[in-house]
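Below, the structure written as structure tokens:
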């Protein structure tokens, strides 16, 4: 079933456009800042300010730019389609009479969300890395206001950051999948998923009282991995994403097991 | 659709006991919200029979077919295909060809890719045993390699029929299979369904095209308002009527008048 989901979703024009759009962001940002190669990008601080020093710097700056909104919007778009497209096309009933069991269908959808989320995150990382390599070269990871990170240490932190973001995106992907299965139409699932991402991001950005219970609140915690005096506090974020994924998958299981496909 | 050419596909034996109906429903009832779709319906279709499921709109035909295909859980009663109980995703459905609620495909994939996708969804190796015959009946030619998005309604219907037939089914459950087909295509479909029945398959077809049904079916089940009106061999149901249409209208209109009183 994973192959069915991937063929139906990855070959869609909107999927390819979404992935290409994600990959375009690091390329455009790299080209726009290419004249600052090897120097601080203006007066900007943090990962953005150091983006022009090396391939890894540009990769992490790309992730920092896309992770709060663009990347989760793309993941929500794709994951909600995994949940709802076969019902919208009417192919769900023909899958059931092949016969595909509910558990096989759900396993395929979960695996597809995992692959598509990894593909979306990978697009940003790969485009950021190769654009950075071409424009800024392979150098030590520069940290503004501190000494550069040793190569092995930098690679390890970048991998940790990528893994953390992937987990965060799986959280929103699982929510979007559950909404795709739960709501009657794909457009409703897509709208609800996008609204959730945007509202959660706004609440988190303004440190609203409700924000701490939202998975979005923890999405930017990975950036502390690269702060001079910072220590990564990723435990709460990992726990929040794991709880989100567990709850969303639970909802997906309930919807799929209890719903009469002809109702 | 090309002219039917007789070919033989090797089937596994359908059932050993000819007395066992390949399609059997007992006491089926189904309610959607406040609407009672089917009430206490029983039917049986044996191997070699082509049974027409007839009734006016809203009679409960599609609800019945959904339950027979495992797509809808009966509130009461049971369904068996080839002697095995049916539920959503039941293994016995591998030997059933189903067309229900019209054709449905992934629009941005080609016709052939859609067939492959459905067949491979359960992990089976491509191609299915009767693919050539099914594509021959569909008669789509090179269009089978075009995206379904550009297909006409008739082309989609023929591709969906190919999907139902490509597995060399022992049981066929077809909801309005002749929708969108031209007369030559209807004739080719009729010949193929008869051939399948003569090989031992059980065919259940719902249709409003009574003249066509009269040429195809050996048996009929007539429903109205979710209940069984009558069932049996077509010859017996016709009785002294000049046509199936006349007999059908006499039975269902009489039933409606009775219900109205």
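Residue numbers (my numbering), protein chains in the order written: chain B, 1 to 263; chain L, 264 to 524. All C-beta atoms, glycine included, are put in the ideal place defined by N, C-alpha and C. Source: prediction; values computed, not measured.
Residues of chain B with CB closer than 9 Å to the CB of residue 343/L, please, in chain order. Within 9 Å Cβ-Cβ: nothing; residue 343/L doesn't reach chain B, min ~15 Å.
Assuming residue 103/B and residue 181/B are in contact, meaning their beta carbons sit under 8 Å apart, how far apart are those beta carbons, in whole angstroms? That pair is no contact at about 14 Å.
I want to see whether chain D comes within less than 8 Å of residue 26/B, judged by CB atoms only; does it? The structure shown contains no chain D; its protein chains are B and L.
Using only the alpha-carbon positions, how far apart do residue 67/B and residue 464/L sit? Rounded to the nearest angstrom, the gap between the Cα atoms of residue 67/B and residue 464/L is 57 Å.
Helix, strand or coil for residue 470/L, going by three-state DSSP, please let me know. When secondary structure is reduced to three states using DSSP, residue 470/L falls in the coil class, being assigned neither helix nor strand.
Classify residue 295/L as helix, strand or coil using the three-state DSSP reduction. strand
Partner residues on chain B for residue 333/L, Cβ-Cβ distance less than 8 Å: In chain order: 96, 97, 99.
By the three-class DSSP mapping on this structure, what secondary structure does residue 75/B have? Here residue 75/B sits in helix by DSSP.
Between the C-alpha atoms of residue 5/B and residue 349/L, what's the straight-line distance to the nearest angstrom? Roughly 26 Å separates the two Cα atoms.
In its own chain, which residues sit with a C-beta less than 6 Å from the C-beta of residue 407/L, not counting the 5 before and 5 after it? Only 374, 375 meet the Cβ criterion.
Thinking C-alpha only, which one of 7/B, 243/B, 233/B, 24/B is nearest residue 122/B? 24/B
Between residue 360/L and residue 432/L, which are expected to be in contact by the criterion C-beta below 8 Å, what is the C-beta distance as a whole number of angstroms? 4 Å
Close Cβ partners of residue 43/B (< 8 Å) along its chain, the five nearest in sequence each way excluded: By the criterion of a C-beta distance shorter than 8 Å, residue 43/B is surrounded in its chain by 49, once the five residues flanking it on both sides are discounted.
To the nearest angstrom, how far is it from the Cα of residue 393/L to the Cα of residue 339/L? 36 Å
Quick check: what's the CA-CA separation for residue 322/L versus residue 471/L? 12 Å
Residue span of the beta strand (DSSP E) that contains residue 486/L, given as start and end: 482 to 487
Extent of the continuous beta strand (DSSP E) run through residue 115/B: Counting along the chain, residue 115/B falls outside any beta strand (DSSP E), though it belongs to the alpha helix (DSSP H) covering 102 to 136.
Span of the alpha helix (DSSP H) holding residue 188/B? 186 to 205
When you compare each of 491/L, 317/L, 476/L, 330/L to residue 295/L by their alpha carbons, which one comes out closest? 330/L
Suppose you measure from the CA of residue 250/B to the CA of residue 113/B; what does that come to, to the nearest Å? 15 Å
What is the rounded straight-line gap between the Cα of residue 207/B and the Cα of residue 217/B? 8 Å
Quick one: Cα of residue 483/L to Cα of residue 441/L, how far? 17 Å
In chain order, each beta strand (DSSP E) run of at least 3 residues that lies wholly inside the stretch 433 to 469 of chain L: 434 to 438, 465 to 469
Along chain B, which residues have their Cβ under 7 Å away from the Cβ of residue 363/L? 93
Distance, residue 244/B Cα to residue 341/L Cα: 40 Å
According to DSSP, is residue 492/L helix, strand or coil? strand
In whole angstroms, what separates the C-alpha of residue 84/B from that of residue 369/L? 12 Å
Own chain, CB closer than 7 Å to residue 371/L, minus 5 neighbours either side, in chain order: 410, 412
List, in chain order, every chain B residue whose beta-carbon is nearer than 7 Å to that of residue 369/L. 8, 89, 91
When you compare the stretch 168 to 183 of chain B with the stretch 192 to 206 of chain B, are there three or more beta-carbon pairs, one atom per stretch, that lie closer than 8 Å? yes
Classify residue 312/L as helix, strand or coil using the three-state DSSP reduction. coil
Just to confirm before moving on: does the CB-CB distance between residue 248/B and residue 175/B stay below 8 Å? yes
Beta carbon of residue 140/B nearer than 8 Å to that of residue 151/B: yes
Three or more C-beta pairs under 8 Å: does that hold for the stretch 27 to 35 of chain B against the stretch 126 to 135 of chain B? With the cut-off at 8 Å, the stretch 27 to 35 of chain B and the stretch 126 to 135 of chain B touch.
Based on Cα-Cα distance, which residue from 474/L, 466/L, 424/L, 313/L lies nearest to residue 397/L? 424/L
On a Cα-Cα basis, can you pick out the residue from 45/B, 34/B, 8/B that is closest to residue 142/B? 45/B
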